[in-house]
Ligand SMILES: Cc1cc2nc3c(=O)[nH]c(=O)nc-3n(C[C@H](O)[C@H](O)[C@H](O)COP(=O)(O)OP(=O)(O)OC[C@H]3O[C@@H](n4cnc5c(N)ncnc54)[C@H](O)[C@@H]3O)c2cc1C
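Numbering (the numbering used here), first residue to last: 149 to 292.
This is how it looks when you write it as structure tokens:
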């Protein structure tokens with residue numbers, strides 16, 4: 149049986165995991181690894197900011213949607229890929245050997261590239277993640 153490890157539990161990672169399991173069935177062990185147990189429907193974040201949606205309206209638990217499909221979930225971020233020995237090492241030190249690896253960890257937001265940018269060290273709001281959008285919603289209320 150082939151061991152397939154998928155890094156990332158969002159659009160890319162979940163689509164890959166569901167399709168691989170659907171097409172390969174018992175021929176493959178599919179494991180999704182993500183530091184976040186939430187799948188967030190990102191296109192609805194602007195509605196969350198406006199107060200038209202709550203986080204629970206646009207969020208699913210990744211562990212709950214994978215289990216019925218026979219896909220394993222590891223709730224932990226990947227820290228390192230050891231390509232020579234074909235294994236992923238997670239931030240909690242778990243080692244996940246693989247035959248095939250799908251990397252779908254999305255973008256890295258480089259707020260530091262521009263002085264003053266970003267919600268933490270800078271002066272701007274952001275709509276890219278659920279946590280950022282919740283804070284942007286608070287800014288919106290203050291403006292109003
Ligand atoms: C407000 C907004 C509106 C959008 N609207 C649309 C739209 O209408 N149509 C459209 O096509 N696209 C839209 N997009 C873009 C779309 O959401 C992205 O293209 C899509 O989310 C990318 O999916 P992804 O799986 O590659 O990455 P992401 O969705 O960024 O997911 C990355 C995943 O990897 C996980 N991860 C990160 N690092 C690690 C690690 N080290 N180890 C394990 N897991 C890790 C994260 O927790 C997450 O689960 C929108 C985006 C935003 C922000």
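Just so you know, even glycine gets a beta-carbon here, dropped at the ideal spot from N, CA and C.
- Counting only runs of 4 or more residues that sit fully inside the region 170-228, the alpha helix (DSSP H) segments are 193-198 and 210-214, in chain order.
- Per DSSP, the beta-bridge partners of residue 230 are 235.
- Judged by DSSP in its simplified three-state form, residue 271 adopts coil rather than helix or strand.
- Assigned with DSSP and collapsed to three states, residue 150 falls in strand.
- Distances from the CB of residue 184 to the heavy atoms of ligand 1 include at least one below 7 Å.
- Per DSSP, the continuous beta strand (DSSP E) segment holding residue 251 begins and ends at 248-251.
- Among the bridge pairs identified by DSSP, residue 243 is matched with 237.
- Counting C-beta atoms within 10 angstroms of its own C-beta, residue 202 has fewer than 16 neighbours from the protein chains shown and is therefore classed as exposed.
- Remark: the C-beta of residue 161 is in contact range of ligand 1, defined as less than 7 Å to any heavy atom.
- As computed with DSSP, residue 155 is found in a beta bridge with 181 and 251.
- At least one heavy atom of ligand 1 sits closer than 7 Å to the Cβ of residue 275.
- At least one heavy atom of ligand 1 lies closer than 7 Å to the C-beta of residue 252.
- Non-local C-beta neighbours of residue 181 in its own chain, meaning closer than 6 Å and more than five positions away in sequence, comprise 155, 222 and 226, ordered along the chain.
- When the beta-carbon positions are compared, residue 278 and residue 188 come within less than 8 Å of each other.
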